[in-house]
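Residue numbers (my numbering), protein chains in the order written: chain A, 294 to 536; chain B, 294 to 536. Glycine is no exception: its CB is placed at the ideal position from the N, C-alpha and C atoms. Structure record follows, encoded as structure tokens.
Protein chains: 2
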Amino acid sequence: MFTAVRRFSTATRRFLSMDTPSIDIQEIRAKYWNKDEEFFLEENLPTTDPFKLFDIWFKQIANISDLSFEEINAVCVSTVGKDLRPSSRMVLLKSYTSDGFSFFTNYNSRKGQQIEENPNAAMLFHWPKTSRQIRIEGAIDKLDDDLAVKYWNSRPLPSRIGSKSSEQSETVPNRQFLENKKRELTELAEREGGQAITKPESWGGYILIPRYFEFWQGQSDRLHDRIVFERDEEVWTIKRLSP
Amino acid sequence: MFTAVRRFSTATRRFLSMDTPSIDIQEIRAKYWNKDEEFFLEENLPTTDPFKLFDIWFKQIANISDLSFEEINAVCVSTVGKDLRPSSRMVLLKSYTSDGFSFFTNYNSRKGQQIEENPNAAMLFHWPKTSRQIRIEGAIDKLDDDLAVKYWNSRPLPSRIGSKSSEQSETVPNRQFLENKKRELTELAEREGGQAITKPESWGGYILIPRYFEFWQGQSDRLHDRIVFERDEEVWTIKRLSP
């Protein structure tokens, strides 16, 4: 029933570095850095609301000044269609509320097609400097189009031109093809003003409505803290998982 | 047929920040930083072998000295079982070859159970300081157990004790439970030597055998470069996707 291309015999598996290895990645052992140098304990949570806990972590991380170069709102979104082949890519989180986690994209993109087939999705935030990750799982729904219009209109003109130049995930012959589209739209904006670069029909927002959160705090002894919030109807259960 | 918990009406969707927002994440706009300040063009690839291209990017990034604090071999692995609910977590890549991309874990973990149900998986490398991501999709297979034993024995004693203290993804009552296991194993190692901390039966390696690579180079005008390698049997096709 699955569509794996092929399954090799493990006996034939090689386990070597590339021809001229300059890095031995097996020797990379980061010293996990727990900013507060303390464990993350279920008996000591700042809140039992996982949305509020997300908010607390997110703001703590945003306020660490030497993280300024990380995109703290960059999040991996994983989706899967009926063919059971998952795909993952980074998106920029644009809102979080007690309903869910939102981002904008082109509904015709591959992720849009997969979400159409199957609304289940996973988000993964990873902030390596803090040895923290947050896993979120749930179902995705579309945002109202008026929110997409409002956000679209708030974007800088070059971002709007860039988005509108691109039929996301479509194959294009080369970069010049995209540059030509961009030039046409730039000329349009010069002639008629920036408001001429209207939101494409297929561009809009998604919201992931969580039924599962995991807050992961790396620890230097490898006994990482994993605190899970799982929803059954409207009730959240909190538990700890083995790392 | 899908198992989404529920689908809200978009009309009821709120789109607000948390109660006391201190960050307007819609205003976070990273200036994409292309180290070489040039486009990533299919007509100018350093190689047409996606495994070698991965190796080139990986080593370039490893050699940027101010990235020393990022875990360059940390990769998001996404898996999905028959229930069509994807899940994602970071793992540490421990090898890459012209066969595929390997990591070690506990086969009884949730990812192990999902891989057992469905070998299709996705990997996502994201190095925000370079505005680069690499997406890899394919099927996962187990590595030979002797490779797992060999790698296990190369790990520092505290890592082995940490791994062996943990029935990965199992619910545990509290952190103390894990600490107790760790103390028992530490005492065992003190009594009988580090070689007493043998590899658990269920701990081993996986290799993802790619059928799809995407090399993503962020560009400041939002016309990001997306170069895809797709495999049909043994033939790789190269194409560009709209960003």
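Exercise for the section: Flag this pair as touching only if the stretch 366–379 of chain A and the stretch 411–421 of chain A have three or more C-beta atom pairs under 8 Å; answer yes or no. Expected result: Judged by Cβ distances under 8 Å, the stretch 366–379 of chain A makes contact with the stretch 411–421 of chain A, as three or more pairs qualify.
Handout entry: Close Cβ partners of A:R524 (< 6 Å) along its chain, the five nearest in sequence each way excluded
Key = Closer than 6 Å at the Cβ level, and outside the excluded window around A:R524, lie R504.
Exercise for the section: Tell me, please, which residues DSSP counts as bridged to B:F418. Expected result: Answer is B:I427, bridged to B:F418.
Handout entry: Proximity below 8 Å, CB of B:N411 to CB of B:W496
Key = Cβ distance not < 8 Å, so B:N411 and B:W496 don't count as in contact.
Handout entry: Residue closest to B:Q241, alpha-carbon to alpha-carbon, out of B:P339, B:L377, B:F351, B:I531
Key = Lying outside 294 to 536, the shown extent of chain B, residue 241 of chain B is not represented and no answer is given.
Practice task
Look at the Cβ atom of B:L386, then the Cβ atom of B:F508, and state whether they are nearer than 8 Å.
Solution key: Not a contact, by the Cβ cut-off of 8 Å.
Practice task
Give the C-beta separation of A:I502 and A:G431 to the nearest angstrom, bearing in mind that I take them to be a contact with Cβ-Cβ under 8 Å.
Solution key: Indeed, because the Cβ distance is near 5 Å, the residues count as touching under 8 Å.
Problem - Per-residue contacts from B:Q353 into chain A (C-beta, under 8 Å) - result: Listed along the chain, the chain A residues whose CB falls inside 8 Å of the CB of B:Q353 amount to none; the nearest CB is some 11 Å away.
Handout entry: Beta-carbon proximity of A:R519 to A:I490, cut-off 8 Å
Key = Result no, Cβ atoms of A:R519 and A:I490 do not sit closer than 8 Å.
Practice task
Consult DSSP for A:E463 and reduce its assignment to one of helix, strand or coil.
Solution key: In the three-state scheme derived from DSSP, where H, G and I count as helix and E and B as strand, A:E463 is classed as coil.
Practice task
For A:A596, decide whether its Cβ has a neighbour in chain B, counting only Cβ atoms nearer than 8 Å.
Solution key: Coverage of chain A is limited to positions 294 through 536, which leaves residue 596 of chain A absent and any answer about it impossible.
Handout entry: For B:E463 and A:A297, the rounded distance between their alpha carbons
Key = Here the model assigns A:A297 a pLDDT of 29, short of 50, so the residue's position is not dependable and the matter cannot be decided.
Handout entry: Interface residues of chain A facing B:D518 [CB-CB closer than 8 Å]
Key = What B:D518 touches in chain A: R468.
Practice task
Would you kindly report the start and end of the unbroken alpha helix (DSSP H) that includes A:I354?
Solution key: If you look at A:I354, you'll find it in the alpha helix (DSSP H) that goes 343–355.
Problem - Proximity of B:G498 and B:K435 at Cβ, strictly below 8 Å - result: Contact: yes.
Practice task
Give the straight-line distance between the Cα atoms of A:I354 and B:E527, rounded to the nearest whole angstrom.
Solution key: Taking the straight line from one Cα to the other gives about 44 Å.
Exercise for the section: Please report how far the alpha carbon of A:Q488 lies from the alpha carbon of A:F333, in whole angstroms. Expected result: Going by the C-alpha atoms only, they are around 49 Å apart.
Handout entry: Listed by chain order, chain A residues near B:L334 by CB distance under 9 Å
Key = Within chain A, the residues near B:L334 are N467, R468.
Exercise for the section: Scan the stretch 416–432 of chain A for residues whose Cβ lies nearer than 8 Å to a Cβ of chain B and list them as they occur along the chain. Expected result: Residues M416, L417, H419, P421, K422, Q426, R428, E430, G431, A432.
Problem - Three-way DSSP call (helix, strand, coil) for B:W445 in this model - result: Helix at B:W445.
Practice task
Report, in whole angstroms, the separation of the C-beta atoms of A:R382 and B:S381, which I expect to be a contact under 8 Å.
Solution key: Their Cβ separation, rounded to whole angstroms, is 11 Å, which puts A:R382 and B:S381 out of contact at 8 Å.
Problem - Any C-beta of chain B under 8 Å from that of A:R382 - result: With 8 Å as the cut-off, A:R382 counts as an interface residue toward chain B.
Handout entry: Span of the alpha helix (DSSP H), counted from its first residue to its last, around B:Q407
Key = Element bounds for B:Q407: 403–410.
Practice task
Consider the C-beta atom of A:S388 and the heavy atoms of the ligand MN; say whether any pair is separated by less than 7 Å.
Solution key: Although the ligand MN was asked about, the structure shown includes no ligands whatsoever.
Exercise for the section: Can you check DSSP and say which residues form a bridge with A:N399? Expected result: Answer is A:W496, bridged to A:N399.
Practice task
Under 6 Å Cβ to Cβ from B:P379, same chain only, skipping five residues before and after it: list those, please.
Solution key: Contacts found: S371, V373.
Practice task
With DSSP collapsed to three states, give me the class of A:T479.
Solution key: Secondary structure of A:T479 (DSSP, three-state): helix.
Exercise for the section: Put A:E255 into one of helix, strand or coil per three-state DSSP. Expected result: As displayed, chain A neither begins before 294 nor continues past 536, which places residue 255 of chain A out of reach and without an answer.
Handout entry: Residue-level contact to chain B via CB, A:G455, 8 Å cutoff
Key = Using a Cβ-Cβ cut-off of 8 Å, A:G455 counts as an interface residue toward chain B, since at least one Cβ of chain B sits closer than that to its own.
Handout entry: B:R533 classed as buried or exposed, judged by whether at least 16 other C-beta atoms fall within 10 angstroms
Key = Label assigned to B:R533: buried.
Practice task
Can you check DSSP and say which residues form a bridge with A:Q512?
Solution key: Bridge partners of A:Q512: none, in fact.
Problem - Range of the contiguous beta strand (DSSP E) that encloses A:S381 - result: Counting along the chain, the beta strand (DSSP E) containing A:S381 begins and ends at 379–385.
Practice task
For B:T340, go through chain A and note every residue whose CB falls closer than 8 Å to its CB, in chain order.
Solution key: The premise fails here: B:T340 is roughly 11 Å from chain A at the closest Cβ pair, so nothing lies under 8 Å.
Exercise for the section: Look at A:P343 and A:F506 and say whether their C-beta atoms are less than 8 Å apart. Expected result: Contact flag set, yes.
Handout entry: Closest Cα partner of A:I531 within the set B:N446, B:D437, B:N467
Key = Checked all of B:N446, B:D437, B:N467; the closest Cα to A:I531 is B:N467.
Handout entry: Residues sharing a beta bridge with A:K375, DSSP
Key = In DSSP, A:K375 forms no bridge with anything.
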